[in-house]
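Chemist: Residue numbering for the sequence shown follows our numbering, beginning at 18 and increasing consecutively.
Cβ atoms here follow ideal geometry from the backbone N, Cα and C, with glycine treated the same way.
Predicted model only: the values in this text are computed from it and were never measured.
Dropping the structure in here first, questions after.
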Amino acid sequence: MRRRDLLKGAGVIVGLGLTGCAPWVQDDTAATEAAPSLSDQLAELADARFSASAKGLSSQVLFDRLRQNGVLSTQRGINTGKLRGLARKEPLIQYQGFYYSRSELALYNLAYLVHKPTLGR
Numbered sequence: 018m019r020r021r022d023l024l025k026g027a028g029v030i031v032g033l034g035l036t037g038c039a040p041w042v043q044d045d046t047a048a049t050e051a052a053p054s055l056s057d058q059l060a061e062l063a064d065a066r067f068s069a070s071a072k073g074l075s076s077q078v079l080f081d082r083l084r085q086n087g088v089l090s091t092q093r094g095i096n097t098g099k100l101r102g103l104a105r106k107e108p109l110i111q112y113q114g115f116y117y118s119r120s121e122l123a124l125y126n127l128a129y130l131v132h133k134p135t136l137g138r
């Protein structure tokens, strides 16, 4: 395969994705039905150590709160820049020897709640 053909094919795929020929996930999608990229990002953050802090919380409420703050988007995943900005402004909470902002802890709790079945708990 020639390099020019490869670049042409990649350009067509990117062009189709940008013009809307690829399916889009709406922002009002539930946390468990989010785009694979967000689900994958949450899977990386999921940790059984957050089971105690996530107890009694709703994944949908956490998802909605983080989406309203601009931290989460079902289309673009986790907005790390926005999360860093909020972490600098919010008070810190100590949990199991580590310090988290409210948004960071909410994100870890959401990741735990969404991927709890895969963690073996």
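1) Give the single residue among ALA104, LYS133, GLN113 and HIS132 whose Cα lies nearest to the Cα of GLU121.
2) Have a look at PHE80, ARG66 and TYR116 and flag the residue whose alpha-carbon is nearest the alpha-carbon of THR91.
3) Going by DSSP, what residue range makes up the beta strand (DSSP E) through PHE67?
4) Using three-state DSSP, classify GLN113 as helix, strand or coil.
5) DSSP three-state call for LEU74: helix, strand or coil?
6) On the premise that SER76 lies in contact with VAL131, defined as a C-beta separation below 8 Å, what is that separation, rounded to the nearest angstrom?
7) If you draw a straight line from the C-alpha of ARG93 to the C-alpha of ARG84, how long is it?
8) Given this structure, state the Cα-to-Cα distance separating GLY98 from GLY87, to the nearest angstrom.
9) Closest to ASP57 by CA distance: which of ASN126, ILE95, PHE115 and TYR117 is it?
10) Per DSSP, which one or two residues make a beta bridge with SER118?
11) Just to confirm before moving on: does the CB-CB distance between ASN126 and SER70 stay below 7 Å?
12) For ALA39, count neighbouring Cβ atoms within 10 angstroms of its own Cβ and tell me buried if that reaches 16, exposed if not.
Modeler: The structure says:
1) Position 104 of the sequence shown holds residue 121. Answer by Cα proximity: ALA104.
2) Position 74 of the sequence shown, counting from 1, holds the residue named residue 91. That would be PHE80, whose Cα lies nearest to the Cα of THR91.
3) Along the sequence shown, read from residue 1 onward, the residue named residue 67 stands at position 50. Unbroken run through PHE67: none, as it is neither H nor E.
4) As a first step, residue 113 must be located in the sequence shown, where it is residue number 96. It is coil, neither helix nor strand.
5) Residue mapping note: residue 74 aligns to position 57 of the sequence shown, counting from 1. Coil.
6) On the sequence shown, residue 131 is found 114 positions in, with the first residue counted as 1. On the sequence shown, residue 76 is found 59 positions in, with the first residue counted as 1. Between SER76 and VAL131 the Cβ distance is about 6 Å, and since that is below 8 Å, they are a contact.
7) Position 76 of the sequence shown holds residue 93. Position 67 of the sequence shown holds residue 84. So the alpha carbons of these two residues sit roughly 11 Å apart.
8) By one-based count along the sequence shown, residue 98 stands at place 81. By one-based count along the sequence shown, residue 87 stands at place 70. If you take the alpha carbons of GLY98 and GLY87, they lie about 10 Å apart.
9) As a first step, residue 57 is located in the sequence shown; it is residue number 40 there, counting from the start. It is ILE95 whose Cα lies nearest to the Cα of ASP57.
10) Your numbering for residue 118 matches position 101 in the sequence shown. Its beta-bridge partners are LEU109.
11) Reading the sequence shown from its first residue, position 109 is the one you call residue 126. Reading the sequence shown from its first residue, position 53 is the one you call residue 70. Result yes, Cβ atoms of ASN126 and SER70 sit closer than 7 Å.
12) In the sequence shown, counting from the first residue as 1, residue 39 sits at position 22. Residue confidence is low: ALA39 scores 43 on pLDDT, short of 50, so the model does not pin down where it sits. Its coordinate-derived value is still stated next. Its Cβ having fewer than 16 others within 10 Å, ALA39 is exposed.
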